[in-house]
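Here is the structure we will look at.
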Amino acid sequence: MNPAIYQEAIQSLKSGGVIIYPSDTLWALGCDARFDASIEKIFQIKNRPIDKGLILLISKIEQLNEYVEQVPDIAWDLVEFAEKPLTVIYPKGKNVSKHVLGPDGSIAIRLVKDEFCKGFLFRYQRAVVSTSVNVSGQASAIQFDDISPEIVNQVDYILKNEGSNKLTLKASKIVQLGIGGDYKVIRE
Numbered sequence: 000m001n002p003a004i005y006q007e008a009i010q011s012l013k014s015g016g017v018i019i020y021p022s023d024t025l026w027a028l029g030c031d032a033r034f035d036a037s038i039e040k041i042f043q044i045k046n047r048p049i050d051k052g053l054i055l056l057i058s059k060i061e062q063l064n065e066y067v068e069q070v071p072d073i074a075w076d077l078v079e080f081a082e083k084p085l086t087v088i089y090p091k092g093k094n095v096s097k098h099v100l101g102p103d104g105s106i107a108i109r110l111v112k113d114e115f116c117k118g119f120l121f122r123y124q125r126a127v128v129s130t131s132v133n134v135s136g137q138a139s140a141i142q143f144d145d146i147s148p149e150i151v152n153q154v155d156y157i158l159k160n161e162g163s164n165k166l167t168l169k170a171s172k173i174v175q176l177g178i179g180g181d182y183k184v185i186r187e
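Under numbering that gives the first Met the number 0, the letters of the sequence shown match residues 0 to 187, in that order.
Rendered as structure tokens:
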């Protein structure tokens, strides 16, 4: 795969842009997880309350230490050996915009294994927001053509991959972890 295809998306993120990209599950709206204004723009595009947390995607398991205050021991194996996309909610996030955190300070992160998305994230070297490309409460876009032109017109860049026109996966499983290793399944 030619890494140059990621460059414009990366430049857009670095300058505070909001992009549409194929995540490891669905088409996603994304931005740098540190930039308040970019995250606020995503909430505005989605017509979603700003007090709802967002999912972050990372390319390397070691990045958990950069964004999670204290990674529960159980998380390392759970994340590394997950066979399907798994989002884990950790008790306390750090080094990100307050807008991506849950009301209790928790942070939701998914280690990506999809080759295209992982290549993009690896080259960016930071966590990227991932939320479905739709107005809150409406169906998520499976095909790129399902994305509302109104949303497309509000983003700064669209990253496409041949073969990503139709993503057939569903939203990820979500598990919430406690410091002591206790967990709760939020979404199957």
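Idealized CB from N, CA, C, for every residue including glycine.
I'd like to know whether the C-beta atoms of residue i and residue j end up nearer to each other than 7 Å.
i: Ile108; j: Leu55; result: yes
i: Val99; j: Ala32; result: yes
i: Cys30; j: Val95; result: no
i: Lys117; j: Ser171; result: no
i: Ala138; j: Ile146; result: no
i: Ile173; j: Ile185; result: yes
Under 7 Å, Cβ to Cβ, is there at least one residue of chain D near residue i?
i: Tyr123; result: The question asks about chain D, but that chain is absent: this structure has only one protein chain.
If you draw a straight line from the C-alpha of residue i to the C-alpha of residue j, how long is it?
i: Asn160; j: Asp181; result: 38 Å
i: Val132; j: Gly179; result: 35 Å
i: Val78; j: Ile44; result: 30 Å
i: Thr86; j: Lys13; result: 24 Å
i: Asp155; j: Asp50; result: 24 Å
i: Glu187; j: Lys169; result: 10 Å
i: Gln124; j: Gly104; result: 23 Å
i: Arg47; j: Gly92; result: 21 Å
i: Leu120; j: Pro148; result: 26 Å
What residues match up with residue i in a beta bridge as DSSP calls it?
i: Leu85; result: Lys172
i: Lys183; result: Gln175
i: Ile41; result: According to DSSP, which records beta bridges pairwise, Ile41 is partnered with nothing at all.
i: Asp31; result: Val127
Take the Cβ of residue i as the centre, count every other Cβ of all protein chains shown within 10 Å, and call the residue buried at 16 or more, exposed below.
i: Trp26; result: buried
i: Ala126; result: buried
Hey, would you say the C-beta of residue i is under 6 Å away from at least one heavy atom of the ligand HEM?
i: Asp181; result: Of ligands this structure carries none, so the ligand HEM is not represented either.
Identify every run of the alpha helix (DSSP H) within the region 47-83, keeping only runs that are complete inside it and at least 4 residues long; order them along the chain.
-> Along the length of the region 47-83, whole alpha helix (DSSP H) runs at least 4 residues long occupy 63-66 and 72-79, reported in chain order.
Go through the region 100-146 residue by residue and report every complete run of the beta strand (DSSP E) that reaches 3 residues or more, in order.
-> 106-110 and 127-131
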